[in-house]
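Data first, discussion second: the structure below is written as structure tokens.
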Amino acid sequence: EPQVASHLLASVPDHTFVECFDEERDPFFWRLTDMSSRIAGGTYTLPERPGFGIELDLDYVARHTVDRRTTDRHSLS
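Written out as structure tokens, the structure is:
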């Protein structure tokens with residue numbers, strides 16, 4: 007994902023391109039994370055805080071959860 011790849015590319019001299027798919031091609035990803043605030047005018051901005059800057063929209067995740075299940079790991083044997 008661009009949040010991770012951008013950190014790698016920022017550490018390599020003379021690398022300027024990070025792959026990021028358009029919202030029309032990958033609408034789920036764009037809504038799952040806050041990408042719209044990070045890309046403007048063809049420029050991707052690295053977060054200023056530690057970490058990759060991936061913040062999930064938990065309301066969006068909850069609306070698209072298909073099944074919730076808790077499994078006891080001891081019952082898997």
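Counting with our numbering, you get residues 7 to 83 for the letters of the sequence shown.
Glycine included, every Cβ here is placed at the ideal spot set by N, Cα and C.
As the structure is a computational prediction, the values presented were derived from the model and not from experiment.
By the 16-neighbour rule on beta-carbons within 10 angstroms, PRO19 is exposed. Between the alpha carbons of VAL67 and THR22 lies a distance of about 32 Å. For SER17, the number of other beta carbons within 10 angstroms of its own is below 16, and it is reported as exposed. Sixteen is the threshold: when 16 or more other Cβ atoms of the shown chains lie within 10 Å of the Cβ of GLY59, as they do, the residue is buried. In the three-state scheme derived from DSSP, where H, G and I count as helix and E and B as strand, LEU62 is classed as strand.
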